[in-house]
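See structure below.
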Amino acid sequence: MKAAAGIDIGSTTAKCVLLRGKDIIGRSLNPVGVNIVRDAEEALRLALQDARLDRSEVGFVTGTGYGRFKISFGQLTVTEISCHAKGAHFLFPGTRLVIDIGGQDTKAIRVNERGEVADFAMNDKCAAGTGRFLDVCAGALGYDVAEIGPISMEARHPVKVTSTCTVFAESEVTSHVSRGKDPKDILAGLHASIANRTLSLLQRVGIEPEVTFTGGVSRNEGMVRALSARLGLPVNVSPLSQYMGAIGAALAGQERLDGGVAS
Amino acid sequence: MVDRYYAELDQAEKEKRPVAYMLVGGNLTEIVRSFGYEVVFPEIVALNCAIKHKSLDYILQAEAQGYGLDVCGYVKNDLGLQALGGNTPFGHIPKPDLLVCSFSGCYVYIKWWEALAETLNAPLFNFDVPYQRTEKPLKEDIEYMVAQLWDFIHLLEKRTGRSFDMAELKRVLERSRRAEELWVKYLEAGKHRPSPIEAYFEAVFYMFPINVLRGTDQAVRFYETVNAEVETRVKEGTYPVPEEKVRLVVEGVPPYTNYRTFWDFFRKWGAVSVAATYPKVGGLFDMGFYHDPSRPLESIAEYSLGAYVNQNWPLRRQLIRQYIKDYQADAVVIHGIKSCRSFTAGQGDLRDWLIHETGTPTLYLESDHEDPRYFAPAQIKNRMDAFFESLDQRRSSAAATPGRSTP
Amino acid sequence: MALVQIRSPGNEDALAAPSGLAFSPDLREIRALRGLDETVRMARELIQDNTFPTARAWVKGGGHAAAFFPVYTPQELAHALGLLPVTLHGGGEELEITHADAALGSFLCSISKSTLELAITGRLDPFGAFVFPYICDVSRNLEGIFSRLRPNAVTHMLHLPQNFTSSAAVPFLVAEYRRLLEKLERVAKEKYDPSALTDSLQVYQQNRDLLRQLTELRRKEPWKLPSTELYFLERLGDLVPAEVQTPLLRHALDEARERSRPKRDAVRVLVVGPFCEQPTPDLLALIEEAGCYVVGDEFNMLRRWTPKVELSGDPLENLARAYIESKVDIGVRATPMPKGESIVARVGESEAQGVLFLTAKFCEPALEDVVLYRRGLEEKKVPYLHLEFEEKSTSYEQSRLQVETFVESVLFD
Amino acid sequence: MITCGLDLGSGLIKGALLEDGRKLLATASRPTKGNATQSGQLVIDALAEEQNLMTGDIAYLCTTGFGRYMFPTRQLQVSDITSSARGAVFLRPGTRHVLDVGAQSSRAISVSEKGKVLKFKMNEKCAAGAGRFVERCSKYLQVPLEEMSSKALTAEKPKLISSVCAVLAETEIINNVAEEVPLADILMGVYLSLAQRAYALMRYVSIQPEITLVGGLVHSAAMVKAVEQTTKLKVNAVPEAHFAAAIGAGLLGHQRALKLARGGGVAA
Ligand SMILES: Nc1ncnc2c1ncn2[C@@H]1O[C@H](COP(=O)(O)OP(=O)(O)O)[C@@H](O)[C@H]1O
Ligand SMILES: Nc1ncnc2c1ncn2[C@@H]1O[C@H](COP(=O)(O)OP(=O)(O)O)[C@@H](O)[C@H]1O
Ligand code: SF4
Ligand code: SF4
Ligand code: SF4
């Protein structure tokens, strides 16, 4: 059986997943730079390497994410909204609500029992409350994004962060630091502020368990906890959460393969 | 026809004929024209500027005067244009001799006309139209408006030295009524499957005469031609969207700055609007209202009261529900306008109501009608793709598993 | 005396059990006279408690309450029916907005969102009626949303006339008030009685007179009554009946007059714009700290709109006529005279040295007027500053910088 | 009499030493790091050392800028809009309009011939219009900050940035790189976008020549060119203008000291 590849070109990272039947046989994650076509190829190459598979074994390539139109070697493009829904349904079949927080946007997706998108909403206006927001604030405090989640969870007196703008949040963070606030507390405040903003987005589609959290920011435990607390519900997270879009794309390709479309 | 209208304005200016400025919603075009005024509709000028990609220059001019980022783009387009001398790519816009503010459906009207009055030093008549909160107009509302209309008529008599001719007004209203009936016939063609009309993108162009040229023979003839064209389409099977896949009801003002791009996003998915609320900003003729020569001033008052945005949310919701049913629509698309609160405040609630209480899939998009800085094509396209994708998906799986309804 | 009886830590989700201040149904804790500082402190606490403790106490004692959105609404009508009229002035800085965004839209003022949030989170449950005046499209549309959200309550979009010269405006407004009365009667379970309305008009007349004396004192001797104090005294009337507020005002006036405080070297400013959404108390304090005396403002326009209501004759008509004949210049009604002239005249009356436009973000009525006002001020070389605010903000660096620069530009030569 | 103006900015602390409010003796700057009081003192020490003075020789110290309240030994503080205006008129007496582009905000100021602020406007909530944006672009595009301007000046067809958001603008820039827009064109696009935002502020307060640019971006010839192109007017840009706020604070300090010596004055 040929494998299906799903490639998700996001604003910050390119992800690729190889799927054969119901098995994820390879994956890759690399940063997107200036040459998107090359990054997509690289993502596929790395995933093939991971799966020890030859390019000829891939029967179908599906692209998703903001850069999906740049994947010139793919056969199909699907929006990341459908893909995250599909992917989340695949890993957590009971999912009814998907929260995807990526590098530059946040999405709330309500899915039906078949993993189809019933309704969705996205953040508008600006980059506030997204992964980028966390990246910038982590930078202002001199941490790496991977560290800030766990640190935020040690806070005892979270400070209030009100700035709705990523750039101004950075200066708000700096001014809290200069006033001698504990970085833990500032980070906890940042996480709470994003959780709150996300909740308001989720309200647009309606909150229904089970909730699955996807996208790069779901790797941040602090964020998972803040969201779950704000929702008052447990939240599914998989180690593969950041790959959810790529998994969904691969699944869409797999369906085509099953339907008899050859490459 | 639009060109001819601007040429006419130019002519009026040269001949020194009096010019009145009016708002589209609930306008008093019949009365004003019967006193020999040419009429400028700054909203229409503004949207034409946006289509021609000129609006940003005027908006920036207005912002330099101090109009904030959040002020309605029409207002900024108009005041910026005035400050720059009134020259548009399609002709010169003459200055007003009279400002008629039909306060119907939008509070900004009051502020806008006030600013014009102060900036251009022109007399202003405020025609206060109560907000419509009941299905049938209230007696006191009509009495209030008719009293104001008489004040207005007396003002016009004083300003022009002409005396009011009721018989002439009745003849004009008769022609209005003819045009209105033909317009409704056009709109209702959207009930056919596939639809021979595009009730949003196309109707927006065709609504010009019904708002601006009501009461003229020209308007009547225009809709006769349009309807003949629609009949030919049906006969020959040439439809605006050749392969109709999704039938939509569209709510909201279009993004005039990127009109074509926006339309193309719909066409790509075989989506056609079969009914829309925006072409009803002038009046809800398709809901049974027509100007009535036997009750001239009363029917004019009812017309002003019945403009789409002058209806409260319960009435707006009801109308949209009716459209979905009558036009067999599959989904609703709402286009929110950043700088127009009149239309937009509450559209989120409408979306929620449509999805949860009527079970209609609904997409909400946001940009601006005049300000190109707020049209983010990639974002809008992404949302549309995802929406139509999911609609498609749910349909095919509903077809595969009969008996299961799409949520 | 201990005012605070229960105070929750502001936990959003613990709303089922109402938190905040608690009172007895006759509000006797509030009626007790006390010193000016204490009154201000009490008013501030009451206003910042967004669970509407007075209305809750009132309803618990068997009464009914009606909520009114700013700016002008004839609260006398509710008063005459024995309802507690409460003005909804937003959610303040503590309220988190999570639900309301979805129903409204991104580019709207905060007060519309916070008011809706208050309703969604159950904080407005004590109210049986919601009245929204047509001051702008947002307030108007909000009524439609409330009617869906609170189907069991009475909602009304009050159309206030914009044609002040038509002879039909008063009869129209009387009819409009009658429609409102009919709805309020349902909530109050009382019938409208004209003589009760006349009594209410009188109660409100007294209340307005005192408020006017207080603002007059502040205009003349701002060091005796800073605006931060006046503001809370006035806003107390949002939450308690006029007859409860009036004696407190009288007491405060007497005390303020007697105060001896040094006069600072500050710039006298007229504050224009915050007639609906309210800035945070900290922002108000900042303005005074940075070197301004606020000698005139647009807060609490409700009680200034109809300076005098005739007491003899048909009370409903008197109330309507007072509205139509009012000469107030404000962003939410058609202008009685050109804005440019009007602002210059207002500067003159308040003997201000400059104007501070303090407008809520996205508040179109206020934003559009600023342009015309500016033009008038520039012609007469009156300095001005325009600041935008939001109901909720904690970072004041930018505002402080601008107010200080403004003060320096007036004071330094 | 020697007075000192200290501008505690968000990125850089700048100091100026003046003699009798007429002569600029020295300027110095240090990055704002950690404790503002300490960094500020370092600047004052550097100034004193250059002029062979003791700290006690400074008759009056006036602070300005974002951190103006954070320096306890100041005698007076003024806003950086007030001080930039004074400083600009000191450096270029014909100035009637000052454009100040700093790290976090841009301001347009119209001034009287004495340097008094008549009207001013700063950029709104959105952070898209100031120097920090240039810094981020420099990081992103891996061009050292000092070279941004000279590279930009070689542009042939500058590519404007349409996004109003500083963060999303970065994405837009990356897209431009991907689409192989020449680096110089992207860089000049950055300056032109800044200039356009600034122009909106300038129009609001009404533009009158002469225009003087102050703040950190005076070092960027590309910024000067961009503003000149956008406004179609000549723009003064002298290197000392980076210290305009510090100079202005020194001047105001001098005025104030004189008044005190005369025993009058209530201002501030
Ligand atoms: N190890 C990690 N721990 C916490 N957060 C992470 C980690 N890795 C990535 N992120 C976050 O994920 C974001 C990228 O998410 P992703 O879904 O890949 O975005 P996109 O699809 O837009 O490229 C980053 O901005 C960062 O905040
Ligand atoms: N040597 C330099 N070359 C180019 N740009 C510079 C240089 N120094 C500073 N800048 C620019 O000036 C900005 C800082 O300006 P400044 O007026 O000092 O800000 P602040 O007063 O807020 O600290 C930086 O963001 C940077 O863009
Ligand atoms: S209805 Fe909207 S677009 Fe029209 S004038 Fe009012 S605010 Fe502007
Ligand atoms: S703040 Fe302004 S826009 Fe908002 S509801 Fe009040 S008047 Fe209307
Ligand atoms: S600069 Fe800030 S406020 Fe502006 S759009 Fe970007 S993130 Fe949002």
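Taken in sequence, the protein lines are chains A, B, C and D.
Quick note on numbering: the working numbering labels position 177 of the first sequence as 177, and the sequence is numbered without any gaps.
Counting the second sequence from 1 gives a position; the working numbering is that position plus 1000.
Counting the third sequence from 1 gives a position; the working numbering is that position plus 2000.
Counting the fourth sequence from 1 gives a position; the working numbering is that position plus 3000.
The beta-carbon is built from N, C-alpha and C at its ideal position, and this holds for glycine as well.
Which one or two residues does DSSP pair with residue i in a beta bridge?
i, result
"D20 (chain A)", "Here the sequence assigns Arg to residue 20 (chain A), which means Asp is not the residue at that position. A:D23, per the DSSP bridge assignment."
"Q1311 (chain B)", "B:Q1132"
"P31 (chain A)", "A:T13"
"P3031 (chain D)", "D:L3012"
"D1070 (chain B)", "In the DSSP output, where bridge partners are listed per residue, D1070 (chain B) has none listed."
"E2388 (chain C)", "C:T2359"
"R1316 (chain B)", "The partner list for R1316 (chain B) (beta bridge, DSSP) is empty, contrary to what the question assumes."
"Q3077 (chain D)", "D:T3063"
"D119 (chain A)", "A:R110"
Give the C-beta separation of residue i and residue j to the nearest angstrom, bearing in mind that I take them to be a contact with Cβ-Cβ under 8 Å.
i, j, result
"F1152 (chain B)", "I1031 (chain B)", "7 Å"
"D1128 (chain B)", "P2307 (chain C)", "With 8 Å as the limit, D1128 (chain B) and P2307 (chain C) do not qualify as a contact, their Cβ atoms being about 23 Å apart."
"L3213 (chain D)", "A3241 (chain D)", "6 Å"
"L1315 (chain B)", "E1135 (chain B)", "7 Å"
"G2354 (chain C)", "V2410 (chain C)", "6 Å"
"M1166 (chain B)", "P1296 (chain B)", "7 Å"
Please go through the same chain and pick out, in chain order, the residues whose beta-carbon is closer than 6 Å to the beta-carbon of residue i, but skip the five residues on each side of it.
i, result
"T212 (chain A)", "A88, F92, T95, V98 and N236"
"S1367 (chain B)", "P1255, Y1374 and F1375"
"E2494 (chain C)", "Missing from the structure shown is residue 2494 (chain C); chain C here goes from 2001 to 2413 and no further."
Could you tell me the alpha carbon to alpha carbon distance between residue i and residue j, rounded to whole angstroms?
i, j, result
"D2238 (chain C)", "P2247 (chain C)", "15 Å"
"G3065 (chain D)", "A3046 (chain D)", "19 Å"
"A1203 (chain B)", "F1285 (chain B)", "14 Å"
"L3160 (chain D)", "F1266 (chain B)", "29 Å"
"L2149 (chain C)", "C2109 (chain C)", "20 Å"
"L2027 (chain C)", "Y2204 (chain C)", "18 Å"
"R1171 (chain B)", "L2211 (chain C)", "57 Å"
"K1016 (chain B)", "S1299 (chain B)", "32 Å"
"L2104 (chain C)", "A2119 (chain C)", "13 Å"
"K2380 (chain C)", "K3151 (chain D)", "48 Å"
Which of helix, strand or coil does DSSP assign to residue i?
i, result
"G1306 (chain B)", "coil"
"L3012 (chain D)", "strand"
"H157 (chain A)", "coil"
"I1355 (chain B)", "helix"
"F60 (chain A)", "strand"
"P1377 (chain B)", "helix"
"L2084 (chain C)", "strand"
"H176 (chain A)", "helix"
"N2050 (chain C)", "coil"
"V1184 (chain B)", "helix"
"P1254 (chain B)", "coil"
"G3250 (chain D)", "helix"
Keeping to the same chain, check which residues put their C-beta closer than 7 Å to that of residue i; ignore five residues upstream and five downstream.
i, result
"R1351 (chain B)", "I1334, T1362 and Y1364"
"R2374 (chain C)", "Y2384"
"G33 (chain A)", "D39"
"I1059 (chain B)", "G1073, K1076, N1077, G1080, E1370 and D1371"
Please return the same chain residues whose Cβ sits closer than 8 Å to the Cβ of residue i, not counting the five positions on each side in sequence.
i, result
"E2288 (chain C)", "P2226, S2227, T2228, A2266 and V2294"
"E3210 (chain D)", "R3092, G3094, T3095, R3096, H3097, K3234 and N3236"
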